[in-house]
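Colleague:
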Amino acid sequence: MPDLHTSYLGLSLRSPLVASAGPFTGDLDRLGELEQAGAAAVVLPSLFEEQIEHETAEIDRLFTVHNESFNEATSFFPELDDYNSGVDSYLELIEAAKRRLDIPVIASLNGTNIGGWVKYARLLEGAGADAVELNLYTVAADPSIDGAALEAEHLELVALVAEEVGVPVAVKLSPYYSSLAAFVVAVQGAGASGVVMFNRFYSPDLDLETLDVLPRIALSTPEELRLPLRWIGILREHLSVSIAGSTGVHSGFDAAKLILAGADVAMSTSAVLHDGPGHFATMEAQLLEWMTDHEYESVSQMRGAVASHSVTDPTAYERANYIGNIVSYSSRVNR
Ligand SMILES: Cc1cc2nc3c(=O)[nH]c(=O)nc-3n(C[C@H](O)[C@H](O)[C@H](O)COP(=O)(O)O)c2cc1C
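The C-terminal residue of the sequence shown carries number 348 in the numbering used here, and the numbering is unbroken.
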């Protein structure tokens, strides 16, 4: 049987399949089910600094789930009140998860100001988190702040937190930095032990009857895997820290692609919300099946085998044969 062991943020994991932050990882029973099904580590939902400051209304609105094609998934979602109600209950969740689980528990923090991030990261560490994930979820909507200023601020946050806490710090990134490759390498330089590529941004919708702007969450599709796949493939050779692939991991085959591109772990939320915590067992079986069929003996043998520096045409990850694809599509539809 192929060896699934991997290492992420210096933590030794039984497999590369990790439960990313989401409603299930905020519930103790679901956490137990995730571990039972084979999740190798769990990332708890983010503690939002705004939440701590009691500005919860907006967060509740953000987490209003709406997706016609995933109706059955909505029944899995806990009441919004249960989605982190404050710092004390968050610390209790970490402590309870640590008591209940044998796998590593990664706490997550979404902060807005420098003081807040450092203070709360220390609290998460104190409650027993094995690592802290900084969720840099910011929509750069202020035209007076340019890319360089915003990126400098984010790097300062990473450096401060990484310096202040003893546990490893992962940084969950968006793909929307002005020069993503340079920024990710700078995050490593700021002291992060790993990067999570990527968070998923939830774009608002308009209600044409009420003219309300509706912040809504839709679950991902496997097609979305291509974005982290490209960037992990490009960046693996430039990073010595851990890489987690996130967004669009719906099967063990998707996880195999991310590992081949260079990821140390593949994280999943949407597929597990859709199919239930037991989906981790399915994904593990699929990953093992692929490895057996393709004669890979271990995850470490697979990692980066198809990264840009390992393939004959490294530019494939960049332009993805841009012209060739466009020409062949065009000739197909115009035949
Ligand atoms: C309902 C819901 C809640 C989420 N909550 C968080 C969160 O608290 N913190 C965070 O960093 N990511 C959160 N995420 C993002 C996921 O962790 C993940 O990065 C994203 O959904 C992309 O992965 P996927 O394609 O496997 O869903 C949430 C996602 C969903 C669908």
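Don't be surprised by glycine CBs; every beta carbon is placed ideally from N, CA and C. Predicted model, so just to flag it, every value in this text is computed and none were measured.
What span of residues does the alpha helix (DSSP H) with residue 305 cover, start to end?
Modeller: Its alpha helix (DSSP H) spans residues 292-306.
Colleague: State yes or no: is the C-beta of residue 127 nearer than 6 Å to some heavy atom of ligand 1?
Modeller: Incorrect: residue 127 has no Cβ contact closer than 6 Å to ligand 1.
Colleague: Check whether the Cβ atoms of residue 53 and residue 28 sit closer than 7 Å, and answer yes or no.
Modeller: Cβ atoms of residue 53 and residue 28: closer than 7 Å.
Colleague: What's the gap between the Cα of residue 180 and the Cα of residue 340?
Modeller: C-alpha separation (whole angstroms): 50 Å.
Colleague: In the structure shown, what three-state DSSP assignment does residue 218 receive?
Modeller: Strand, per DSSP.
Colleague: My output table needs one value for residue 15: the three-state DSSP class, helix, strand or coil.
Modeller: Correct three-state label for residue 15: coil.
Colleague: As a quick exercise: from 195, 153, 57, 186, pick the residue whose alpha carbon is nearest that of residue 208.
Modeller: Nearest of 195, 153, 57, 186 to residue 208, Cα basis: 186.
Colleague: How do the stretch 245-256 and the stretch 217-233 stand: do at least 3 beta-carbon pairs fall below 8 Å, yes or no?
Modeller: Touching, no.
Colleague: For residue 211, does the three-state DSSP call read helix, strand or coil?
Modeller: It is coil, neither helix nor strand.
Colleague: Taking three-plus beta-carbon pairs below 8 Å as touching, is the stretch 307-320 in contact with the stretch 279-288?
Modeller: At 8 Å Cβ cutoff, the stretches do not touch.
Colleague: Could you work out which residue in 19, 197, 188 is closest to residue 389 when comparing CA atoms only?
Modeller: Only positions 14 to 348 of the chain appear in the structure, and residue 389 is not among them; the question remains open.
Colleague: Does DSSP put residue 146 in a helix, a strand or coil?
Modeller: DSSP places residue 146 in strand when its eight states are reduced to three.
Colleague: According to DSSP, simplified to helix, strand and coil, what is residue 240?
Modeller: In this structure, residue 240 counts as helix in the three-state DSSP scheme.
Colleague: Cutting at 6 Å between CB atoms, please list the residues of its own chain near residue 238, excluding the five before and the five after it.
Modeller: Around residue 238: 261, 267.
Colleague: Whole angstroms are fine: how far does the CA of residue 226 sit from the CA of residue 305?
Modeller: Cα-Cα distance, rounded: 49 Å.
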